[in-house]
Amino acid sequence: MNGRKKVNGITSFFLPYIKGKLTRKNIPIWSYFFTNQSCNYKCGYCFVKDNAVSMSFNTAVKSLNWLRSIGCRVVAIMGGEPLLLGERMVKIIAYSTQKNMYTYLPTNGKLLTEDLIDELALAGVGVVDLAVDTVRKNSFGLDKTLECIQEQFQMLREKSKKFGFKIKLNTVITTKNMSEVKELVEIGKKNNVSVSLHIIERPLIPYPNFVTQEDSLYFSEQEDYKKLDKLCDWIIDRKRQRYTIINPTDYFRIVKQRLKNNGTGSQDDWKCPAGKYTLGINEEGKLFYCLSLLSADLGHFNMENNGFEINDEAVKKQLADCTKKCLSCCNFNTYHFTSKPGSFIKDYCGIF
Ligand SMILES: C[S@@+](CC[C@H](N)C(=O)[O-])C[C@H]1O[C@@H](n2cnc3c(N)ncnc32)[C@H](O)[C@@H]1O
Ligand code: SF4
Ligand code: SF4
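In case it helps, the working numbering puts the sequence shown at residues 1 to 352.
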């Protein structure tokens, strides 16, 4: 095993949670760290608008210092494609590690080379979250295929054994890849790699430059709702068989509720932890609640007031409204694990 500095994932998630409970303060358990919005791919569902703005290293340092000062220890990088930042991304990860913050790097994997994987590993990356939506090449606007990054997947597996970072697969479920989702879950199991699954969603407050490139990927037909319902049953069954699918079973139960009445079924209440246990920082160092609400007006929510409380009644109402329609996997998982911490240990200990 290499002697790189390693940050422990489990304590990074748990310490802020426990400290928050003891001090009765909101301490974010993790943060979306939006470094850039450009990408080398064009997935037909992507909510990120392609532009050239990216986070400077100085802004990254200032933001990481602030996050650490309020007790947050998990940095989930977000893009665009983070690896387009090259050496700057390696430096951002190294700085986070130096601050004892656990890093989570989502990527489409295409730009990974052996040297870059070594650099990321030595910088202390915690998890490389490899996004793949299909096994084989296709013509549906699903660019992230395993076939395109076989070599990178293989390298990552070898290097993760050498350096001790984790790999996860991440798949968006759309109308066009439901059968391949099953294959990807089986591939994860065979390779001892955990998998997270997201249902395709549109931003709940559309923002000016949001363009849906491929409408047919979204669920709107009765036939597709039925297929998705069956897929949820299949996934719940695999979870029973202890496959490392990191979404809690309740996530798929809620999806099934939503699928009723042509996709308008009412779902059980869940309390979105955005702005409480999670928050986002964009390329300019500004705070936001969640990726589906990028255009929400945050008013008082900024680093300067050093606060991390949602006091604004309008925002509270917004959260209560959007939770009824939202299937955000990241915030749902956070809600689930903060309300049932024991299930975090059961589902996540092998992953972080
Ligand atoms: C925006 S990408 C950025 C990192 C990297 N390029 C990637 O594809 O993973 C992060 C993740 O957001 C999720 N995502 C993007 N658009 C989505 C949508 N319309 N619905 C659900 N999830 C989406 C996907 O899981 C994607 O992997
Ligand atoms: S690879 Fe990621 S950022 Fe790029 S288009 Fe696809 S989902 Fe969006
Ligand atoms: S419920 Fe939470 S994750 Fe979903 S849109 Fe609202 S703030 Fe975002």
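All C-beta atoms in this analysis are idealised placements derived from N, C-alpha and C, irrespective of residue type, glycine included.
Would you say tyrosine 104 touches ligand 2, meaning its beta carbon is less than 7 Å from a heavy atom?
Checking the Cβ of tyrosine 104 against ligand 2 gives no.
Excluding the 5 residues preceding and the 5 following lysine 182 in the sequence, name in chain order all residues of the same chain whose CB lies nearer than 8 Å to its CB.
Leu231 and Trp234.
Would you list the one or two residues that DSSP bridges to lysine 168?
Asp129 and Ser194.
I believe valine 195 touches leucine 169 by the beta-carbon criterion, under 8 Å. Please report the beta-carbon distance rounded to the nearest angstrom.
With 8 Å as the limit, valine 195 and leucine 169 qualify as a contact, their Cβ atoms being about 5 Å apart.
Looking at C-alpha atoms only, which residue of Phe140, Leu327 and Thr334 is the closest neighbour of glycine 275?
Answer by Cα proximity: Thr334.
Check whether the segment 243-254 and the segment 214-222 touch, using three or more Cβ-Cβ pairs below 8 Å as the test.
The segment 243-254 vs the segment 214-222: no contact.
Straight-line CA distance for threonine 338 to asparagine 26?
Taking the straight line joining both Cα atoms gives about 12 Å.
Please write down, chain order preserved, every residue whose beta carbon lies under 6 Å from a heavy atom of ligand 3.
After applying the 6 Å Cβ criterion, the set is Leu204, Cys272, Ala274, Tyr289, Cys290, Ser292, Leu293, Leu319, Cys322, Thr323, Cys326, Ser328 and Asn331.
Bridge partners of isoleucine 199, per DSSP?
DSSP, once it has assigned bridges, lists Ile173 as partnering isoleucine 199.
Can you tell me whether valine 48 sits near ligand 1, meaning its C-beta is under 7 Å from at least one heavy atom of the ligand?
The answer is yes for valine 48.
If distances are taken between C-alpha atoms only, which option among Tyr45, Cys43 and Pro82 comes closest to alanine 60?
Alanine 60 has its Cα closest to that of Pro82, out of Tyr45, Cys43 and Pro82.
Going along the chain, which residues of its own chain have a beta-carbon closer than 8 Å to the beta-carbon of alanine 52, five neighbours each way excluded?
Here the set comprises Ser38.
Can you check whether the CB of tyrosine 45 is closer than 8 Å to the CB of isoleucine 200?
Yes, the pair counts as a contact, with Cβ atoms nearer than the cut-off.
Buried or exposed for arginine 73, please, with buried defined as at least 16 other CB atoms from any protein chain shown within 10 angstroms of its CB.
Arginine 73 should be labelled buried.
On the criterion of 16 or more Cβ atoms from any shown chain inside 10 Å, does lysine 366 qualify as buried, or is it exposed?
Absent from the model: residue 366. The displayed extent of the chain is 1 to 352, so no value can be given.
Methionine 1 by DSSP, collapsed to three states: which one?
In this predicted model, methionine 1 has a pLDDT of only 46, less than 50, meaning its place in the structure is not dependable enough to derive any value.
Within 10 Å of its beta-carbon, does asparagine 107 have 16 or more other beta-carbons around it, so buried, or fewer, so exposed?
First, the amino acid is wrong: residue 107 is threonine here, not asparagine. Buried, since its Cβ has 16 or more Cβ neighbours within 10 Å.
Buried or exposed: where does lysine 144 fall if 16 or more other Cβ atoms within 10 Å of its Cβ makes it buried?
So lysine 144 counts as buried.
Taking the alpha-carbon of leucine 287 as reference, which of Phe13, Thr35, Val7 and Lys19 has the nearest alpha-carbon?
When only C-alpha atoms are compared, the closest one is Thr35.
For proline 106, which residues does DSSP report across the bridge?
Proline 106 is bridged to Asp129.
In this structure, does DSSP put phenylalanine 34 in helix, strand or coil?
Of the three classes helix, strand and coil, the one that applies to phenylalanine 34 here is strand, per DSSP.
Please report the distance separating the alpha-carbon of methionine 1 from that of glycine 164.
A caution first: methionine 1 carries a pLDDT of 46, below 50, which makes its placement in the model too unreliable to give a value.
Who are the Cβ neighbours of lysine 99 in its own chain at under 8 Å, not counting the five residues just before and after it?
Excluding positions up to five away in sequence, the list reads Leu64, Asn65 and Arg68.
Using a 10 Å radius around the Cβ and a threshold of 16 neighbouring Cβ atoms, would you call arginine 242 buried or exposed?
Burial call: exposed.
Do the CB positions of tyrosine 95 and glycine 126 come within less than 8 Å of each other?
Taking 8 Å as the Cβ cut-off, tyrosine 95 and glycine 126 do not qualify as a contacting pair.
Is it the case that the CB of glycine 79 approaches a heavy atom of ligand 2 more closely than 7 Å?
Yes, ligand 2 has a heavy atom inside 7 Å of this Cβ.
Run the proximity test for cysteine 43: is its beta-carbon closer than 7 Å to any non-hydrogen atom belonging to ligand 2?
Within the cutoff, so yes.
Let me confirm a value: alanine 320 is counted as buried when at least 16 other C-beta atoms fall within 10 Å, else exposed. Which label applies?
By the neighbour-count rule (16 or more Cβ atoms within 10 Å), alanine 320 is not buried but exposed.
Where asparagine 8 and phenylalanine 14 are concerned, what is the direct C-alpha to C-alpha distance, given to the nearest angstrom?
Computed Cα separation, rounded: 10 Å.
Which whole-angstrom value describes the C-beta separation of methionine 78 and tyrosine 17, a residue pair presumed to lie in contact below a C-beta threshold of 8 Å?
Not a contact, Cβ separation roughly 21 Å.
Are there any heavy atoms of ligand 1 lying less than 7 Å away from the beta-carbon of isoleucine 200, as far as the coordinates show?
Checking every heavy atom of ligand 1 against the Cβ of isoleucine 200, one is found closer than 7 Å.
Mapping DSSP to helix, strand and coil, what is threonine 264?
Coil at threonine 264, not helix or strand.
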